[in-house]
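S.K.:
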Amino acid sequence: MTSLNELKRPETLARMAQRVGRGQSSGRGKQSGRGGKGQTARAGNKRRPEWRDIIKKLPKRRGYGKNRGRTVDGTIPNAIAISLGILEKAFDSGAEITPKSMKERGVVHARKNIPIKIVGGGTLTKKLSLKGISVTGSARAAIEKAGGVIA
Numbered sequence: 009m010t011s012l013n014e015l016k017r018p019e020t021l022a023r024m025a026q027r028v029g030r031g032q033s034s035g036r037g038k039q040s041g042r043g044g045k046g047q048t049a050r051a052g053n054k055r056r057p058e059w060r061d062i063i064k065k066l067p068k069r070r071g072y073g074k075n076r077g078r079t080v081d082g083t084i085p086n087a088i089a090i091s092l093g094i095l096e097k098a099f100d101s102g103a104e105i106t107p108k109s110m111k112e113r114g115v116v117h118a119r120k121n122i123p124i125k126i127v128g129g130g131t132l133t134k135k136l137s138l139k140g141i142s143v144t145g146s147a148r149a150a151i152e153k154a155g156g157v158i159a
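Our numbering puts the first residue of the sequence shown at 9, with every later residue one more than the last.
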């Protein structure tokens, strides 16, 4: 049987048991791996990252990211507003107005899938029939007063 003075510590445990701040031959003496003097050499050194201060100074963008409503869809284009005065000039009385007929007459430039909305700018004296076009409240009242129909 071996005696106590012949026992050897395994290498892995020898590395784990290495203590800091115990002489220079150990490789962890003097500053013990804490660098030079100053704030970083002291106990409890935990400086706040400077990026945090920069980020806190930036203004918040309201309505974007997590604050933006779930129903908001930025890919849908805004409707093209067409006034009643333009319809008065472009169409004859009794005409049926659709997005296709508006493109043919040059009232709206030919672009695909852009919604059209009739707004109440100008006066309307002609009887017009609208299909597949959204209308504001004031424009609806003016169209119906002139004898027109909105479907």
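No residue lacks a Cβ here, since even glycine has one placed at the ideal position from N, Cα and C.
(1) Bridge partners of valine 143, per DSSP?
(2) Under DSSP, the beta strand (DSSP E) around isoleucine 88 begins and ends at which residues?
(3) Tell me which residues share the same chain as valine 115 and place their Cβ nearer than 7 Å to its Cβ, disregarding the 5 neighbours each side in the sequence.
(4) Give the secondary structure of leucine 66 by DSSP, where H, G and I count as helix, E and B as strand, and everything else as coil.
(5) How many angstroms separate the CA atom of threonine 10 from the CA atom of lysine 16?
(6) Cβ atoms of isoleucine 122 and leucine 138: under 7 Å apart, would you say?
(7) I need the straight-line Cα distance from threonine 79 to glycine 44, nearest angstrom please.
(8) In or out: glycine 35 buried (at least 16 other Cβ within 10 Å) or exposed?
(9) One question on the structure: do lysine 125 and alanine 87 come within less than 7 Å of each other, judged by their Cβ atoms?
M.R.: Based on what the coordinates show:
(1) Position 135 of the sequence shown, counted from the start, is the residue given in the question as residue 143. In the DSSP assignment, the residues bridged to valine 143 are Ile126.
(2) As a first step, residue 88 must be located in the sequence shown, where it is residue number 80. It spans 88-91 - the beta strand (DSSP E) in which isoleucine 88 sits, taken as one unbroken run.
(3) Counting from one through the sequence shown, the residue named residue 115 turns up at place 107. Apart from the 5 residues on each side of it in sequence, valine 115 sits with its Cβ closer than 7 Å to the Cβ of Ile90, Ile94, Ala98 in its chain, given in chain order.
(4) Your numbering for residue 66 matches position 58 in the sequence shown. In the structure shown, leucine 66 sits in coil (DSSP, three-state: anything other than H, G, I, E or B).
(5) Taking the first residue of the sequence shown as 1, we reach residue 10 at position 2. Taking the first residue of the sequence shown as 1, we reach residue 16 at position 8. C-alpha of threonine 10 to C-alpha of lysine 16: approximately 11 Å in a straight line.
(6) Taking the sequence shown and counting its residues from 1, one reaches residue 138 at position 130. Taking the sequence shown and counting its residues from 1, one reaches residue 122 at position 114. Not a contact, by the Cβ cut-off of 7 Å.
(7) Within the sequence shown, residue 79 is the residue found at index 71, counting from 1. Within the sequence shown, residue 44 is the residue found at index 36, counting from 1. Counting only the Cα atoms, glycine 44 lies some 56 Å from threonine 79.
(8) For the purposes of this step, residue 35 is taken as residue 27 along the sequence shown, with counting starting at 1. So glycine 35 ends up on the exposed side.
(9) Locating residue 125 in the sequence shown gives position 117, counting from the first residue. Locating residue 87 in the sequence shown gives position 79, counting from the first residue. Result yes, Cβ atoms of lysine 125 and alanine 87 sit closer than 7 Å.
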